[in-house]
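One structure below.
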Amino acid sequence: MNRRNFTMIFLVTTLVYGSLVHIGHGYVLEGGRWSSANPVTYYNDRDSDGTLNKYVSYANALSSWSGVSSQVSWSGTRYGSQMAYLSWDNNPNVQWDGASQIIPSPSSNPYTSTNSYVNRYYTDGYADNERQSVMGHELGHVLGLDHYCCPAALMNTGTCGYQGRWCTYGVYTPQADEKNGVIAIYGS
Amino acid sequence: MPLLLFFAMTATLLLVGGSLSWGALNQTNSATQGNAICGSTPPSSELILDWAYRYGSIASMKTAADTIIVGQVLSEESFVSGHACTLIYTKYTVLVRTAMHGATAGSVISIVQTGGVLGASRQEARDDPLMSVGNVAVMFLHLNKQTGSYAILSGPEGRFPITNGLVYSLNVLYPDRPIDLPWRISGDPLDTFIAEI
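Chains as they are written, first to last, in our numbering: chain H, 1 to 188; chain D, 1 to 197.
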């Protein structure tokens, strides 16, 4: 095989492979969305026991998604339309540290409301950025992003252990591809 | 005599009425266990759960588990919790059929799973299908010493349902669901699976 044929085969193989595996598209969409994410109204259901410092991470997580798209903004209030409730549980009998409910379903269009939980049994012991990685991940679900297993991405399912978002990769903010995912849903 | 009869009937009515009210009260309490202020049944929803720790291999789970069993679900009871009162959990009573590690065969334990059915509301995690009475599975469990209840290690990772004596992983049984597991167990004989643990 001469050099020209080798180069041609190499280029064609690379192009075909690249088109098949969608290199660079590091996000998965839930399939649903808010009718307009400008704004999504959120209510931070803080604890009343004086541990508000735990919720600075939620403020940082909200900021980390702000500006990703001009079509996405957050508005904090107790009541409103397109409500994203940011709440918590403290349950030692389950092994999740974050959970989200998309109403009526993650693939529905439009979303009517969402409830996101952190499990303080775990997150109260986390470092600030680790806690932000959980809260930012839940906000990714709120905006319509699905899990992406298991690279250095905010929407990576797990926090620690096997290929964990935080403990393996140190990720606690949306990555470029995930921002592109939100832009794919709502526009730039 | 009529006066005595009147008192006897009144006492009977009070006793019966009282026990019925107490039963109703207990039923209400069981439906809202874990959070006394939860008043109404939360809406049906699909839950997206994010695991604090993923084990990545059966060997890792074997090392981490307090208890490894073949268990059969005997009963279930769902309740509402969460500060916003929108999460349903289910506590299962499970018979230990076979104990591979940390339990006694024939004993009964409690396992909590996120999701459940309360009235017309059904909540279920996409990657952690609800168990039901009669289900049999190999389970890798974590014991919460404060509550005495067990959790299945990282939900879908630590549960291997058994059907007709064959063991499956959840991603094989539910191919249409987004269950990210680094293995596929497609009907291994139970004895073989246990021997490999």
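No residue lacks a Cβ here, since even glycine has one placed at the ideal position from N, Cα and C.
C-beta neighbour in chain H for residue i, strict 8 Å
i, result
"Ala-36 (chain D)", "Note that Ala-36 (chain D) scores a pLDDT of 44, beneath 50, so its modelled location is shaky and nothing firm can be said."
"Ala-59 (chain D)", "no"
"Ala-151 (chain D)", "yes"
"Arg-252 (chain D)", "With chain D covering 1 to 197 only, the question about residue 252 (chain D) has no answer from this structure."
"Gly-134 (chain D)", "no"
"Gly-155 (chain D)", "yes"
"Asp-180 (chain D)", "yes"
8 Å Cβ cutoff, residue i in contact with chain A
i, result
"Asp-176 (chain D)", "You won't find chain A in this structure, because its protein chains are H and D."
Partner residues on chain D for residue i, Cβ-Cβ distance less than 9 Å
i, result
"Ala-99 (chain H)", "Leu-47, Ile-48, Leu-49, Asp-50, Gly-82, Leu-87, Thr-114 and Ala-125"
Chain D contact for residue i (CB, 8 Å cutoff)
i, result
"Gly-158 (chain H)", "yes"
"Asp-40 (chain H)", "Reading off the sequence shown, one finds Val at residue 40 (chain H), where the question assumed Asp. Answer no: the Cβ-Cβ gap between Val-40 (chain H) and chain D never drops below 8 Å."
"Ser-64 (chain H)", "no"
"Tyr-169 (chain H)", "no"
"Pro-106 (chain H)", "yes"
"Asn-115 (chain H)", "yes"
"Val-134 (chain H)", "yes"
"Ser-87 (chain H)", "yes"
"Tyr-172 (chain H)", "no"
"Asp-124 (chain H)", "no"
"Asp-177 (chain H)", "no"
"Asp-128 (chain H)", "no"
Inter-residue Cα distance where the pair is residue i and residue j
i, j, result
"Thr-157 (chain H)", "Pro-178 (chain D)", "11 Å"
"Tyr-126 (chain H)", "Pro-151 (chain H)", "21 Å"
"Gly-148 (chain D)", "Gly-158 (chain D)", "18 Å"
"Tyr-117 (chain H)", "Ala-99 (chain H)", "5 Å"
"Tyr-89 (chain D)", "Tyr-121 (chain H)", "16 Å"
"Pro-189 (chain D)", "Leu-166 (chain D)", "5 Å"
"Thr-123 (chain H)", "Val-134 (chain H)", "8 Å"
"Trp-34 (chain H)", "Arg-184 (chain D)", "35 Å"
"Ile-152 (chain D)", "Ala-65 (chain D)", "9 Å"
"Asp-127 (chain D)", "Asp-50 (chain D)", "10 Å"
"His-101 (chain D)", "Phe-140 (chain D)", "9 Å"
"Thr-112 (chain H)", "Thr-41 (chain H)", "11 Å"
"Gly-67 (chain H)", "Glu-178 (chain H)", "13 Å"
"Glu-196 (chain D)", "Gly-136 (chain H)", "39 Å"
"Glu-76 (chain D)", "Gly-164 (chain H)", "32 Å"
"Leu-107 (chain D)", "Leu-95 (chain D)", "Checking the sequence shown, residue 107 (chain D) turns out to be Ser, not Leu. Distance between the alpha carbons of Ser-107 (chain D) and Leu-95 (chain D) is about 6 Å."
"Pro-161 (chain D)", "Thr-77 (chain H)", "45 Å"
"Gly-82 (chain D)", "Pro-129 (chain D)", "20 Å"
"Ser-78 (chain D)", "Gly-170 (chain H)", "36 Å"
"Val-70 (chain D)", "Lys-62 (chain D)", "14 Å"
"Ala-84 (chain D)", "Asn-93 (chain H)", "18 Å"
"Tyr-172 (chain H)", "Gly-32 (chain H)", "24 Å"
DSSP state of residue i mapped onto helix, strand, coil
i, result
"Met-135 (chain H)", "helix"
"Met-61 (chain D)", "helix"
"Val-171 (chain H)", "coil"
"Glu-178 (chain H)", "helix"
"Arg-120 (chain H)", "helix"
"Gly-76 (chain H)", "strand"
"Ala-84 (chain D)", "coil"
"His-142 (chain D)", "strand"
"Ala-195 (chain D)", "helix"
"Ile-183 (chain H)", "helix"
"Asn-156 (chain H)", "coil"
"Asp-128 (chain H)", "helix"
"Gly-161 (chain H)", "strand"
"Val-133 (chain D)", "coil"
Beta-carbon spacing of residue i, residue j below 8 Å
i, j, result
"Tyr-79 (chain H)", "Asn-115 (chain H)", "no"
"Ser-132 (chain D)", "Thr-41 (chain D)", "no"
"Leu-190 (chain H)", "Gly-181 (chain H)", "Any property of residue 190 (chain H) remains undetermined from this structure, which presents chain H solely from 1 to 188."
"Val-72 (chain H)", "Trp-65 (chain H)", "yes"
"Ala-103 (chain D)", "Thr-67 (chain D)", "yes"
"Asp-180 (chain D)", "Cys-160 (chain H)", "no"
"Ser-107 (chain H)", "Glu-30 (chain H)", "yes"
"Val-73 (chain D)", "Asn-171 (chain D)", "no"
"Trp-88 (chain H)", "Asp-128 (chain H)", "no"
"Gln-101 (chain H)", "Leu-47 (chain D)", "yes"
"Asn-60 (chain H)", "Gln-175 (chain H)", "no"
"Ala-125 (chain D)", "Gly-116 (chain D)", "no"
"Pro-43 (chain D)", "Ile-103 (chain H)", "yes"
"Val-28 (chain H)", "His-141 (chain H)", "no"
"Lys-145 (chain D)", "Val-112 (chain D)", "no"
"Ser-63 (chain H)", "Ile-183 (chain H)", "no"
Contact set between residue i and chain D, taken where Cβ atoms lie within less than 7 Å
i, result
"Asn-91 (chain H)", "Ser-81"
"Gly-161 (chain H)", "Tyr-53, Arg-54, Tyr-55 and Gly-56"
Residue i: contacting residues in chain H (beta-carbon distance under 9 Å)
i, result
"Thr-147 (chain D)", "Pro-92 and Asn-93"
Closer than 7 Å at the beta carbon, the chain H residues around residue i
i, result
"Asp-66 (chain D)", "Going along chain H, no residue has its Cβ under 7 Å from Asp-66 (chain D), so there is no contact; the nearest lies around 13 Å."
"Asn-144 (chain D)", "Pro-92 and Asn-93"
Chain D contact residues for residue i, given Cβ-Cβ distances below 8 Å
i, result
"Ile-102 (chain H)", "Ser-45, Glu-46 and Ile-48"
"Gly-164 (chain H)", "Tyr-53 and Arg-54"
"Trp-96 (chain H)", "Leu-49, Asp-50, Trp-51, Ala-52, Thr-114 and Gly-155"
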